[in-house]
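Every letter in the sequence shown is one number past the one before it in this note's numbering, and letter 9, counting from 1, is 156. Working notes for the structure below.
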Amino acid sequence: MGIYDLTVTDANGKTYPMSEYQGKTMLIVNTATKCGLSDQFDSLENLYKTYKDQGLVVLGFPSDQFAQELANAKEAEEACRMSYGVTFPMHDIIKVNGKEAHPLFKYLTDNTKGFLGSSIKWNFTKFLVDGEGNIIGRYSPKDKPESFENEIQKVLAK
């Protein structure tokens with residue numbers, strides 16, 4: 148099973164297959180609007196605007212697993228759009244660790260290792276996936292998105 152076999156639900160409650168992004172470079176992020184790292188929304192949006200025409204899509208997945216998210220996905224999406232000008236796709240609030248982890252994040256963490264083994268340490272863990280569904284990189288919450296922009300460029304140039 149690969150990443151394109153999974154389904155996700157957007158902030159409006161629409162479920163769709165990840166295969167919609169086949170051929171695109173994905174930057175998948177677990178987000179939280181009340182997190183101290185939420186200024187990364189600006190950087191993520193800048194990357195999305197800069198590279199979306201070259202095939203980059205940023206996918207935000209709010210998680211309240213660290214108790215820093217709003218009550219529901221619609222509120223979280225609205226906060227991202229109003230406070231940070233986010234235009235990239237936002238999704239339903241999910242769990243990223245444990246038995247209830249969303250299958251996408253289970254897949255991502257099972258196939259990468261972070262500081263705490265495979266589990267996600269905090270909000271704004273980022274995963275770079277190429278257009279063929281291969282996980283290229285995993286970046287910690289403190290890694291600012293612009294710090295690996297050259298890696299995104301390399302993947303887009305393939």
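Beta carbons are placed, not taken as given, at the ideal position from N, Cα and C, and that holds for glycine. No experiment lies behind these values; they were computed from the predicted model shown.
Inset, instruction - Count the other CB atoms, across all protein chains shown, that sit within 10 Å of the CB of P164; report buried if there are 16 or more and exposed otherwise. - result: exposed
Inset, instruction - Say whether the region 158 to 178 touches the region 197 to 208, bearing in mind that this needs 3 or more beta-carbon pairs closer than 8 angstroms, one atom from each stretch. - result: yes
Inset, instruction - Taking 8 angstroms as the cut-off, decide whether the C-beta atoms of D239 and T154 are in contact. - result: At least 8 angstroms separates the beta-carbon of D239 from that of T154.
Legend entry - 8 angstroms Cβ cutoff met for P288 and T272: yes
Legend entry - For L206, three-class secondary structure by DSSP: strand
Legend entry - Beta-carbon gap between I282 and N244 smaller than 8 angstroms: no
Inset, instruction - Would you give the residue range spanned by the beta strand (DSSP E) that V176 belongs to? - result: 172 to 178
Inset, instruction - Starting from the C-beta of Y168, find all residues in its chain whose C-beta is less than 7 angstroms away, skip the five residues before and the five after it, and write them out in chain order. - result: Exclusion of the five residues before and after Y168 leaves V204 as the residues of its chain whose Cβ lies within less than 7 angstroms of its Cβ.
Legend entry - Status (buried if at least 16 other CB within 10 Å, exposed otherwise) for A304: exposed
Inset, instruction - Would you give the residue range spanned by the alpha helix (DSSP H) that T197 belongs to? - result: 187 to 198
Inset, instruction - Note down the Cα distance separating F208 from M237, rounded to an integer number of angstroms. - result: 6 angstroms
Inset, instruction - Grab me the residues of K242's own chain with a C-beta within less than 8 angstroms of its C-beta, minus the 5 sequence neighbours each way, in chain order. - result: S210, Q212, A248, H249, F252
Inset, instruction - Kindly indicate the opening and closing residues of the alpha helix (DSSP H) around P250. - result: Under the DSSP assignment, P250 falls in the alpha helix (DSSP H) whose first and last residues are 250 to 257.
Legend entry - First and last residue of the uninterrupted alpha helix (DSSP H) at L153: Per DSSP, L153 belongs to no alpha helix (DSSP H) and is neither H nor E.
Legend entry - Member of G170, S166, E192 whose CA lies at the smallest distance from the CA of T178: E192
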